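J.: Handing you this structure, nothing more for now.
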Amino acid sequence: EMAPKKKVAPTPAAVRKAAAPAKQTNPLYEKRPKTFGLGGAPPPKTDLHRFVKWPKYVRLQRQKRVLSMRLKVPPTLNQFATKSLDKNAAETLFKLLLKYRPEDKAQKKERLAAEAEARAAGKEADKKKPIVVKYGINHITNLIESGKAQMVIIAHDVDPIELVVWLPALCKKMGVPYAIVKGKARLGAVVHQKTATALALTSVKNEDQREFAKLVDTFKAQFNNGPRMQWGGHILGPKSQHKLAKRERAIAAELAQRATVV
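Under my numbering, think of the first position of the sequence shown as 62, with each following residue one higher.
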């Protein structure tokens, strides 16, 4: 049988601490503590951002972004993600492109009406071909292959990317200066479309030759004759990074232990 537990002697009265004086409470304010629980008071407002069930398209685009960071990305695809024209050069480029916008529907209607009037009056209509930005992937491919394109601008976010993934290699082979710029919608706005995969310039006016030559030099330095493309992606998540670091520390500790034994 277990021995009975010894009772500890109570603290002598002299040693006992004096009871803390009662805290004065204002009778006007009644203390009503809340009880948070089932059937109790509603819980305080907290950030529930983590627990939101996001729409499927949001989840998909987030998963796609994470996946593209985790997987190894081949150099051909990686150039579209990492190698785009800088902000200042892009601003200069778009200013130039806007000078050579193709005519929209209203302008075409006006031109045809003016031609009809001239014909009715027995005059010869002015049929001089304007210098404009070319668009449409098949058209641009023909211009590059025939050596007519003097500059090609490719969007970085074309989906599916296979539509333009071969275009930089073709431009390099044919010696056509090219650049990858941010935003297919931005390119589309130049040619009165929602989006455009690529644009091309075949020639420019004399007053823009100097600016055009500067852009061509920039494109050649950064893209055509730039550094070799590298593999991208393979950026691990925090958990994986910690796991690898822990494994490396364990290996280092084991090696150090072996060295001391020897």
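Positions of the beta carbon are idealized from the N, C-alpha and C atoms, including for glycine.
On a predicted model such as this, the values are computed, not experimentally measured, just so you know.
Does DSSP put A186 in a helix, in a strand, or in coil?
T.: Working through the sequence shown from its first residue, we reach residue 186 at position 125. If DSSP states are grouped into helix, strand and coil, A186 belongs with coil.
J.: Could you give the distance in angstroms between the alpha-carbon of D108 and the alpha-carbon of A250?
T.: Taking the sequence shown and counting its residues from 1, the one referred to as residue 108 is at position 47. Taking the sequence shown and counting its residues from 1, the one referred to as residue 250 is at position 189. Between D108 and A250, the C-alpha separation is close to 39 Å.
J.: Using only CA atoms, which one of A257, P163, K188 lies nearest to A175?
T.: Locating residue 175 in the sequence shown gives position 114, counting from the first residue. Taking only the C-alpha atoms, the option nearest A175 is K188.
J.: Can you look up Y118 in the DSSP assignment and give me helix, strand or coil?
T.: Looking up residue 118 in the sequence shown gives position 57. Helix, per DSSP.
J.: Would R131 pass as a contact of H295 if the rule is Cβ separation under 9 Å?
T.: Start at 1 with the first residue of the sequence shown, and residue 131 comes out as number 70. Start at 1 with the first residue of the sequence shown, and residue 295 comes out as number 234. Going by C-beta atoms, R131 is nearer than 9 Å to H295.
J.: Let's see if you can read the secondary structure: which residues bound the alpha helix (DSSP H) around A259?
T.: Sequence index remark: in the sequence shown, residue 259 carries index 198 (1-based). Per DSSP, A259 belongs to no alpha helix (DSSP H); it is in the beta strand (DSSP E), 259-262.
J.: Rounded to whole angstroms, what is the Cα-Cα separation between K133 and K114?
T.: Position 72 of the sequence shown, counted from the start, is the residue given in the question as residue 133. Position 53 of the sequence shown, counted from the start, is the residue given in the question as residue 114. So the alpha carbons of these two residues sit roughly 29 Å apart.
J.: Can you check DSSP and say which residues form a bridge with K195?
T.: Position 134 of the sequence shown, counting from 1, holds the residue named residue 195. K195 pairs with A261.
J.: Tell me the start and end of each unbroken alpha helix (DSSP H) in the stretch 261-292 that is at least 4 residues and wholly inside, in chain order.
T.: Listed in chain order, they are 270-280.
J.: So A158 and V194 are in contact, right, with Cβ under 8 Å, and what is the actual spacing, rounded?
T.: Your numbering for residue 158 matches position 97 in the sequence shown. Your numbering for residue 194 matches position 133 in the sequence shown. Note on residue identity: the sequence assigns Leu, not Ala, to residue 158. That belief holds up - the Cβ atoms of L158 and V194 are roughly 6 Å apart, short of 8 Å.
J.: Quick check on DSSP: helix, strand or coil for K106?
T.: For this step, residue 106 is matched to residue 45 along the sequence shown. Reduced to three states, the DSSP call for K106 is coil.
J.: Can the beta-carbon of F97 be found less than 9 Å from the beta-carbon of D218?
T.: Stepping through the sequence shown from its first residue, residue 97 is reached at position 36. Stepping through the sequence shown from its first residue, residue 218 is reached at position 157. No, these two residues do not count as a Cβ contact at 9 Å.
J.: For K245, which residues of its own chain have a beta-carbon under 7 Å away from its beta-carbon, when the five flanking residues on both sides are left out?
T.: Position 184 of the sequence shown, counted from the start, is the residue given in the question as residue 245. Result list for K245: A216, D218, V219, T256, A257, T258, in chain order.
J.: With distances taken Cα to Cα, identify the nearest neighbour of P135 among R289, C232, A179.
T.: In the sequence shown, counting from the first residue as 1, residue 135 sits at position 74. Closest option to P135, Cα to Cα, is R289.
J.: On the DSSP letters alone, give me the boundaries of the alpha helix (DSSP H) that I312 sits inside.
T.: Here residue 312 corresponds to residue number 251 of the sequence shown, with the count starting at 1. Start and end: 299-322.
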